[in-house]
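In case it helps, the numbering used here puts the sequence shown at residues 3 to 265. The C-beta atom is built at its ideal place from N, Cα and C for all residues, glycine as well. Fair warning: this is a prediction, and the values are worked out from it, not measured in the lab.
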Amino acid sequence: MRKLIVFNWKMGPPSLAQAKRLLTHNLQQTIKNKNGEIVICPPFIYLSGLSSVVSRQSLVKLGAQDVFWENRGAYTGEISPAMLKNSKVDYVIVGHSERRRHLGETDEMINKKVLAALRAGFKVILCVGEPARELRIKNNELRMKAAKNYVKNQLERDLRGIHNSKFIIRNSLIVAYEPIWAIGTGVPAEPENVREMIQFIKKLLITNYHLLIPKVLYGGSVDSRNIADFLKYPEIDGALVGGASLKSAEVRDIIKIVSKHST
Ligand code: PEP
Numbered sequence: 003m004r005k006l007i008v009f010n011w012k013m014g015p016p017s018l019a020q021a022k023r024l025l026t027h028n029l030q031q032t033i034k035n036k037n038g039e040i041v042i043c044p045p046f047i048y049l050s051g052l053s054s055v056v057s058r059q060s061l062v063k064l065g066a067q068d069v070f071w072e073n074r075g076a077y078t079g080e081i082s083p084a085m086l087k088n089s090k091v092d093y094v095i096v097g098h099s100e101r102r103r104h105l106g107e108t109d110e111m112i113n114k115k116v117l118a119a120l121r122a123g124f125k126v127i128l129c130v131g132e133p134a135r136e137l138r139i140k141n142n143e144l145r146m147k148a149a150k151n152y153v154k155n156q157l158e159r160d161l162r163g164i165h166n167s168k169f170i171i172r173n174s175l176i177v178a179y180e181p182i183w184a185i186g187t188g189v190p191a192e193p194e195n196v197r198e199m200i201q202f203i204k205k206l207l208i209t210n211y212h213l214l215i216p217k218v219l220y221g222g223s224v225d226s227r228n229i230a231d232f233l234k235y236p237e238i239d240g241a242l243v244g245g246a247s248l249k250s251a252e253v254r255d256i257i258k259i260v261s262k263h264s265t
């Protein structure tokens, strides 16, 4: 199975010239290693500048780090689904924990974004994951139970109404399981626990949301040293990579490893 790797550039790099260099480097690696599916999510301001580089080939796709739920109106600073469509964007990340935490995004807002983005025809990467509070539970079984409960509730709120619209292609939904305590900390979750959580999420997506073949990624301090520990499990469909995605050597090594784990 082809693994999907999403590189989230967050708020970097600082200039379009650097963004182009980083993307070109990614492209060269990807062309040599054709097996995985690679998505680059740069800041909005670089999307149109990078779309011409990406459109020359089809191995790398562009993603946005967020999207607004309305296509027009007085919403200062927001980016609409229609604008992203015109910038050759195929994927959008919705509900990243940094937006939930620093920008006060609520599940209600995230739900509107998920519905609008699916309706617009994007592949939507919905980020969910439990906070550090759950990590303090020392017993692994109890900790996993609390984490699953948290994620189940989050999915219920973020995916409300997803069954009701005939305009929505539910199978364009991808979930990224990203425990908040693992993001940007250098301490990833235990791969075996991630596998268990992803199995749980997939079951929910099939049973409660009628997805046919759900895709679930893992994110949280993934780098070239640990990515194989996650990708070796068939249940884990890929990874969302943050910090490491701005380091060329890391990207090169990650893409090589992804290639080995994709068939
Ligand atoms: C992310 O941005 O979603 C992420 C997982 O970041 P990092 O890889 O730096 O933990």
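Exercise. With a cut-off of 8 Å on the beta carbons, I'd call P133 and I182 a contact; round off their distance for me.
Key: 5 Å
Quiz item: Would you say the beta carbon of H263 comes nearer than 7 Å to a heavy atom of ligand 1?
Solution: no
Quiz item: Can you find at least 3 beta carbon pairs, one from the segment 115-128 and one from the segment 69-85, that sit closer than 8 Å?
Solution: Three or more beta-carbon pairs separated by less than 8 Å link the segment 115-128 to the segment 69-85, which places the two stretches in contact.
Self-check item: Contact belief for R101 with E107 at Cβ below 8 Å, rounded distance in angstroms
Solution: Confirmed, about 5 Å.
Quiz item: Between V253 and Y211, what straight-line distance do the alpha-carbon atoms span, to the nearest angstrom?
Solution: 34 Å
Quiz item: If I257 and T32 are in contact, beta carbons under 8 Å, what's the gap, nearest whole angstrom?
Solution: 6 Å
Quiz item: At a cut-off of 7 Å, is N155 close to ligand 1 when judged by its beta-carbon and the heavy atoms of the ligand?
Solution: no
Practice problem: Using a Cβ cut-off of 8 Å (strictly closer), state whether G79 contacts chain C. | Solution: In the structure shown, chain C cannot be found, because there is only a single protein chain.
Quiz item: Whole-angstrom Cβ separation of E180 and L128, contact assumed at under 8 Å?
Solution: That belief does not hold up - the Cβ atoms of E180 and L128 are roughly 10 Å apart, past 8 Å.
Quiz item: In the DSSP assignment, what are the bridge partners of K63?
Solution: V41
Quiz item: Is the beta carbon of D225 sitting closer than 8 Å to the one on L6?
Solution: no
Practice problem: Pull up the DSSP beta-bridge partners for N10, would you. | Solution: C43
Quiz item: In terms of alpha-carbon separation, which member of L64, V55, L214, R74 lies closest to K125?
Solution: L64
Quiz item: What's the C-alpha gap between N141 and N151?
Solution: 15 Å
Quiz item: Nearest CA to the CA of I176: which residue from Q30, L161, R197, G14?
Solution: L161
Quiz item: Is there at least one non-hydrogen atom of ligand 1 closer than 7 Å to the beta-carbon of S226?
Solution: No, ligand 1 has no heavy atom inside 7 Å of this Cβ.
Quiz prompt | Extent of the continuous alpha helix (DSSP H) run through A251 | solution = 250-263
Quiz item: According to the neighbour-count rule (16 or more other Cβ atoms, all chains shown, within 10 Å of its Cβ), is A251 buried or exposed?
Solution: exposed
Quiz item: Among N113, M3, L52, which one has its Cα closest to the Cα of R159?
Solution: Nearest C-alpha to R159: N113.
Practice problem: Under 8 Å by Cβ, that's how I've got I40 and L61 pegged, so tell me the actual separation to the nearest angstrom. | Solution: 7 Å
Quiz prompt | Buried versus exposed call for E136 [16 or more other C-beta atoms within 10 Å across all chains shown] | solution = Counting other Cβ atoms within 10 Å of its Cβ, E136 reaches 16 or more and is therefore classed as buried.
Exercise. Measuring alpha carbon to alpha carbon, tell me which of V56, F202, V189 ends up nearest Q30.
Key: V56
Practice problem: Check each candidate in L248, E194, N28 and name the one with the smallest Cα separation from P236. | Solution: E194
Practice problem: Sort S174, N37, F232 by Cα distance to M199 and report the nearest one. | Solution: F232
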